[in-house]
Amino acid sequence: FSFLQERLRYVLGLLLLLHSTESFYVPGVAPINFHRNDPVEIKAVKLTSSRTQLPYEYYSLPFCQPSKITYKAENLGEVLRGDRIVNTPFQVSMNVEKKCEVLCNFPNKPVTLTVEQSKLIAERIREDYYVHLIADNLPVATRLEFYSNREEEEKKKEKDVQFEHGYRLGFMDGNKFYLHNHLSFILYYHREDVEESQEHTYRVVRFEVIPQSIKLEDLKADEKSMCTLPEATGSAPQEIDPTKENQLLFTYSVHWEESDIKWASRWDTYLTMSDVQIHWFSIINSVVVVFFLSGILSMIIIRTLRKDIANYNKEDDIEDTMEESGWKLVHGDVFRPPQYPMILSSLLGSGIQLFCMILIVIFVAMLGMLSPSSRGALMTTACFLFMFMGVFGGFFAGRLYRTLKGHRWKKGAFCTATLYPGVVFGICFVLNCFIWGKHSSGAVPFPTMVALLCMWFGISLPLVYLGYYFGFRKQPYDNPVRTNQIPRQIPEQRWYMNKFVGILMAGILPFGAMFIELFFIFSAIWENQFYYLFGFLFLVFIILVVSCSQISIVMVYFQLCAEDYRWWWRTFLVSGGSAFYVLIYAVFYFVNKLDIVEFIPSLLYFGYTALMVLSFWLLTGTIGFYAAYMFVRKIYAAVKID
Numbered sequence: 001f002s003f004l005q006e007r008l009r010y011v012l013g014l015l016l017l018l019h020s021t022e023s024f025y026v027p028g029v030a031p032i033n034f035h036r037n038d039p040v041e042i043k044a045v046k047l048t049s050s051r052t053q054l055p056y057e058y059y060s061l062p063f064c065q066p067s068k069i070t071y072k073a074e075n076l077g078e079v080l081r082g083d084r085i086v087n088t089p090f091q092v093s094m095n096v097e098k099k100c101e102v103l104c105n106f107p108n109k110p111v112t113l114t115v116e117q118s119k120l121i122a123e124r125i126r127e128d129y130y131v132h133l134i135a136d137n138l139p140v141a142t143r144l145e146f147y148s149n150r151e152e153e154e155k156k157k158e159k160d161v162q163f164e165h166g167y168r169l170g171f172m173d174g175n176k177f178y179l180h181n182h183l184s185f186i187l188y189y190h191r192e193d194v195e196e197s198q199e200h201t202y203r204v205v206r207f208e209v210i211p212q213s214i215k216l217e218d219l220k221a222d223e224k225s226m227c228t229l230p231e232a233t234g235s236a237p238q239e240i241d242p243t244k245e246n247q248l249l250f251t252y253s254v255h256w257e258e259s260d261i262k263w264a265s266r267w268d269t270y271l272t273m274s275d276v277q278i279h280w281f282s283i284i285n286s287v288v289v290v291f292f293l294s295g296i297l298s299m300i301i302i303r304t305l306r307k308d309i310a311n312y313n314k315e316d317d318i319e320d321t322m323e324e325s326g327w328k329l330v331h332g333d334v335f336r337p338p339q340y341p342m343i344l345s346s347l348l349g350s351g352i353q354l355f356c357m358i359l360i361v362i363f364v365a366m367l368g369m370l371s372p373s374s375r376g377a378l379m380t381t382a383c384f385l386f387m388f389m390g391v392f393g394g395f396f397a398g399r400l401y402r403t404l405k406g407h408r409w410k411k412g413a414f415c416t417a418t419l420y421p422g423v424v425f426g427i428c429f430v431l432n433c434f435i436w437g438k439h440s441s442g443a444v445p446f447p448t449m450v451a452l453l454c455m456w457f458g459i460s461l462p463l464v465y466l467g468y469y470f471g472f473r474k475q476p477y478d479n480p481v482r483t484n485q486i487p488r489q490i491p492e493q494r495w496y497m498n499k500f501v502g503i504l505m506a507g508i509l510p511f512g513a514m515f516i517e518l519f520f521i522f523s524a525i526w527e528n529q530f531y532y533l534f535g536f537l538f539l540v541f542i543i544l545v546v547s548c549s550q551i552s553i554v555m556v557y558f559q560l561c562a563e564d565y566r567w568w569w570r571t572f573l574v575s576g577g578s579a580f581y582v583l584i585y586a587v588f589y590f591v592n593k594l595d596i597v598e599f600i601p602s603l604l605y606f607g608y609t610a611l612m613v614l615s616f617w618l619l620t621g622t623i624g625f626y627a628a629y630m631f632v633r634k635i636y637a638a639v640k641i642d
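Below, the structure is given as structure tokens:
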């Protein structure tokens, strides 16, 4: 019991340490200091909707445009996310208030939307689109205030404040569509300490917006592009009728407030946005359960093995030794190479590549170097790391292929470099064609696709060949027992030794350890939330590695005790059993959490889910395979074989 207490104390200490790492991050950019009246540029990123999963460019809708449209040069991650950062005509100056100003340059002449444009806006409002703007690299947020379920007296005192990303394009009331055509920007600044003689400098620390829909007749504009807002009670919203032309004014106002928030912690508001409080209890619970179960499993396996090895190595009792049973029986066949050794070693090579990439990305992100403030950094890093980790993938695949008596190393290296990436590229290309058809900014542009192909064949492929060459030349893994010439017959197996039953049994523990974290990851991907809990994710990843290894060892032990020596492929398949549960969870998430009804968004969801499940299966299968291989070599080295 004291041992368990020690474990618990250690886990809690580790969690606290990880929590402290979480709140610290190295910002992607240096702070920008503004003087009073300095322009603060407001840029548009994209339009998104969790109902369609298709991002669109800001100017795909007829918003007011500046005289010259300039797009920001973007990194690979931003392009893959569908960001298209572009300038807007909003004129905002540091610490200068604006009551109400007309956005397009015709003060008395309203913007006329054609029937097509009106239809498009109405459709986007129906699909629940949000507009994302940034000021000084800070995304805009809409404040939501509501009363929590507290006691009546407390209700009057405090409201719960939450923020949602971007602002809604408009809203529906019955069958009518209303567009948010007036934006009230509220920017918060932090005054920096300077010497007395110097001018004060300011830094932007928060960017909020209150979107409003105000009818053309209620917005009174004058010759100087100024306008007056109506009283809140008496104004009617701006309706967009999709069957005819609509006239309206786009207006905005700017309000500045001083804030105590320091520049370094300006992202904290955005990272506490999700309406789900972090399940501290759930995460600690899963950690403790997994550690407890893995402790029990380890003890049982070690005890059983000691007994087995002691029995097998008893030389005085010859009668017992004559009637061998259990895993010692198959010693002459346990290292017999499996069918399709090239494909097995290729998949395991890709698994190693994924493992190295994920480990480094999570570790670097945990140190705070890939925070949400450096847009697209996580994806860019992951892509480049996967390419460069090809050398490790190739090395392990080549060495295993040689151990499995393979001879065609060049073909094996090509298979390793193209099998998994080829499947990924193929699925992404097909999905991309559908996104292209929808004219979404989420479609990867043709030049980026060519660049990715060049990276694959110019960086990844040569590195895999290099690793494979050295791995194939290296001494193969040393198997402790010789393989017989004639394979022995495998007795009939019980129902529970079936592959599918094995997958179901083996997947529960690793999935149970990580499914809480899976919820946050899915929310980040499909509901445009920020994911930043890399401290937890690192811990969960370690638990996943431990639980996969242990389950794999237990499964291979049972299999060898049942005198079935065909463990190579089976261990790889069964260890990836948690991927099957991830697939079921993805279906559950789709049905219960997402409001997707159309064909193409559903196709995108299941296409990308298939890629995630495949990658997860490769990752967990590889971890389980190497754990089982080391275990099998260890136990056969411990018994005396005549």
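Residues in the sequence shown are numbered consecutively from 1, following UniProt numbering.
No residue lacks a Cβ here, since even glycine has one placed at the ideal position from N, Cα and C.
Values in this document were obtained by computation on a predicted structure and should not be read as measured data.
Query                                                                                                                                                                : Result
Restricting to Cα atoms, I'd like to know which of V79, T70, K68, I69 is closest to S441.                                                                            : V79
Considering Cα atoms alone, identify which of Y129, R143, E195 is closest to L179.                                                                                   : Y129
Helix, strand or coil: how does DSSP classify L537 here?                                                                                                             : helix
Roughly how many angstroms lie between the CA atoms of Y608 and V591, to the nearest whole one?                                                                      : 16 Å
Taking the C-alpha atoms as reference points, what is the distance between E199 and V364?                                                                            : 38 Å
Go ahead and label Q559 buried or exposed: buried means 16 or more other beta carbons lie within 10 angstroms of its beta carbon, across all protein chains shown.   : buried
Cα-Cα, which of P211, P230, S213, Q212 is closest to K220?                                                                                                           : P230
Since L533 and F522 should fall inside the 8 Å C-beta cutoff, what is the C-beta to C-beta distance between them, to a whole number of angstroms?                    : Incorrect: roughly 13 Å between the Cβ atoms, too far for contact.
According to the neighbour-count rule (16 or more other Cβ atoms, all chains shown, within 10 Å of its Cβ), is M322 buried or exposed?                               : Residue placement at M322 cannot be trusted, given a pLDDT of 46 that sits under 50; the coordinates are not used to answer.
Going by Cα to Cα distance, which pick from K634, E97, C428, S286 is closest to V481?                                                                                : K634
Using only CA atoms, which one of D268, L583, S184 lies nearest to P211?                                                                                             : S184
Does Y532 come out as helix, strand or coil in the three-state DSSP assignment?                                                                                      : coil
Three-state secondary structure (DSSP) at V430?                                                                                                                      : helix
Residues in its own chain within less than 7 Å of Y636 by CB, not counting five upstream and five downstream?                                                        : H331, V334, P480, V481
If you measure between the beta carbons of K593 and E492, is that distance less than 9 Å?                                                                            : no
Pop quiz: M389 and C415 are said to be a contact at Cβ under 8 Å. What is the actual Cβ separation, rounded to whole angstroms?                                      : Incorrect: roughly 17 Å between the Cβ atoms, too far for contact.
Which stretch, first to last residue, makes up the beta strand (DSSP E) that contains D173?                                                                          : 170-173
Determine the burial state of K405: buried for a count of at least 16 other Cβ atoms within 10 Å of its Cβ, exposed for fewer.                                       : exposed
Within 10 Å of its beta-carbon, does W568 have 16 or more other beta-carbons around it, so buried, or fewer, so exposed?                                             : buried
So, at 8 Å on beta carbons, what are the nonlocal neighbours of N75 in its own chain, with the 5 sequence-adjacent residues on each side left out?                   : R375, G376, A377, T380
Beta strand (DSSP E) containing D160: first to last residue?                                                                                                         : 160-165
Hey, out of G351, D160, L367, whose CA is closest to A397's CA?                                                                                                      : G351
Specify, as a first and last residue, the run of the beta strand (DSSP E) that P211 falls within.                                                                    : 201-212
Taking the alpha carbon of P139 as the point to measure from, which residue in E208, I121, E196, S197 has its own alpha carbon closest?                              : E208
Can you tell me which residues form a DSSP beta bridge with H182?                                                                                                    : Q212, T251
Under three-state DSSP, which class holds N311?                                                                                                                      : helix
Mapping DSSP to helix, strand and coil, what is V26?                                                                                                                 : Residue placement at V26 is poorly supported in this model, since its pLDDT is 47, which falls under 50; the coordinates are not used for a value here.
So C383 is in the alpha helix (DSSP H); what residue range does that whole segment cover?                                                                            : 377-388
Under 8 Å by Cβ, that's how I've got residue 643 and G507 pegged, so tell me the actual separation to the nearest angstrom.                                          : As shown, the chain starts at 1 and ends at 642. That puts residue 643 outside it, with no answer to give.
Using the Cβ count rule (16 or more neighbours within 10 Å means buried), how would you classify P55?                                                                : buried
Please report the Cβ distance between Y420 and L466, rounded to the nearest whole angstrom; I am assuming they are in contact, meaning their Cβ atoms lie under 8 Å. : About 18 Å; that fails the 8 Å criterion.
In its own chain, which residues sit with a C-beta less than 6 Å from the C-beta of V574, not counting the 5 before and 5 after it?                                  : G502, I503, A506, M555
The alpha helix (DSSP H) with E116 in it runs from where to where?                                                                                                   : 115-126
Do W409 and Y496 come within 9 Å of each other at the CB atom, strictly closer than that value?                                                                      : no
On the three-state DSSP scale, how would you describe Y636?                                                                                                          : helix
Under the assumption that L103 contacts T251 (Cβ atoms under 8 Å), give the Cβ distance between them as a whole number of angstroms.                                 : 6 Å
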